[in-house]
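In what follows, a single structure is set out as structure tokens and then discussed.
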Amino acid sequence: MNLRCYVVDDEYHSIEMLIEYIERTDGLELQGFSTNPLTALNEVTGPNPPDITFLDVEMPELSGMAFAGLVNLHTTIVFTTSFQEFALEAFEKEAFDFLLKPISYARFRKCILHIQRTGIAARPAKKEKRDFFFVKTESRGKMVKVIINEILYVEGAQNYIKIHLTSGDIMPYLTINETEQYLPMDQFSRIHQSFIINNDRIKSVEQTRVTLEKDITLNLGRFYKDAFLEKMNELLLRSRRKF
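So the sequence shown is numbered by the numbering used here: it starts at 270 and just counts up by one.
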């Protein structure tokens, strides 16, 4: 089975070079490309995410680092950049590799062979969608059932999270990143380093904040704001009438 590849870069010549490398490499196929990271975000986090995403670091609408923080649970990230100083931050974002431009085919091939040997980008079997999950709380051995649709939002706090439900709050010993992996991201959105919200519980959206049921107002984080607002704009009904 070929590994599906997606390229995100604001420079067309960089995209063309990577497409050429992908097409001449056995075991790879091009799924798509974009010069706009906000457009690419919907593709990479959609129902059929690419196995590998080649991601430029410096882009105007949304930086590659911010983009990676939103998608690294969906795809294997390989950063491409002209700036060596971004290498440390790239690996902190759990990138698989860091390709320094101009990228030779030999270096590209080495990266792909490593991915193929480790199997890190292997497509997992599609998970059955569940309506609930269990978490452990402070009580030793006690597991609490969480109905996904009853979640208002998840709040991160050091090694704990607080899951705010319509019926009350619970505090399992989990990180917000661990919790994000279990939530269906077509229903939930990361809007801040500390907040994941249930889209079905949104009452209103503004440029800097979102209001949920029970008049709960949360601020949009600067690294998450653009992607979230773009996601909401896709759900906006627009009139074709001229005023």
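Cβ atoms here follow ideal geometry from the backbone N, Cα and C, with glycine treated the same way.
Using alpha carbons as the reference points, say which of the options lies closest to residue i.
| i | options | result |
| --- | --- | --- |
| Ala-496 | Glu-447, Asn-305, Gln-385, Ile-291 | Asn-305 |
| Asp-484 | Ile-471, Glu-475, Lys-494, Gly-490 | Ile-471 |
| Met-328 | Asp-278, Pro-319, Arg-507, Lys-379 | Asp-278 |
| Glu-407 | Leu-489, Thr-387, Phe-377, Lys-431 | Lys-431 |
Look at the alpha carbon of residue i and the alpha carbon of residue j, and state the distance between them as a whole number of angstroms.
| i | j | result |
| --- | --- | --- |
| Ser-463 | Gly-333 | 20 Å |
| Leu-299 | Ile-465 | 31 Å |
| Tyr-275 | Ile-321 | 6 Å |
| Thr-486 | Glu-447 | 24 Å |
| His-282 | Glu-499 | 26 Å |
| Glu-292 | Tyr-374 | 12 Å |
| Ile-288 | Ser-436 | 50 Å |
| Thr-349 | Ile-420 | 37 Å |
| Met-440 | Met-286 | 48 Å |
| Lys-414 | Arg-399 | 12 Å |
| Ile-372 | Phe-352 | 12 Å |
| Phe-401 | Asn-418 | 8 Å |
At what residues does the beta strand (DSSP E) containing residue i begin and finish?
| i | result |
| --- | --- |
| Tyr-275 | 272-277 |
| Thr-448 | Segment 445-449 is the alpha helix (DSSP H) holding Thr-448; no beta strand (DSSP E) there. |
| Phe-367 | 366-369 |
I'd like the span of the alpha helix (DSSP H) that includes residue i, first residue to last.
| i | result |
| --- | --- |
| Gly-244 | The question about residue 244 has no answer, for the chain in this structure spans 270 to 512. |
| Thr-294 | First-last for Thr-294: undefined, no H or E at that position. |
| Ile-381 | 374-387 |
Using DSSP bridges, identify the partner residues of residue i.
| i | result |
| --- | --- |
| Phe-403 | Lys-414 |
| Thr-486 | Thr-480 |
| Gly-301 | Tyr-275 |
| Thr-345 | Ile-321 |
| Val-474 | Val-479 |
Could you check whether the Cβ of residue i sits closer than 8 Å to any Cβ belonging to chain C?
| i | result |
| --- | --- |
| Phe-336 | Checking the listed chains, one finds no chain C in this structure; it contains a single protein chain. |
Start-end ranges of the alpha helix (DSSP H) lying completely within the region 416-470, minimum 4 residues: 445-449
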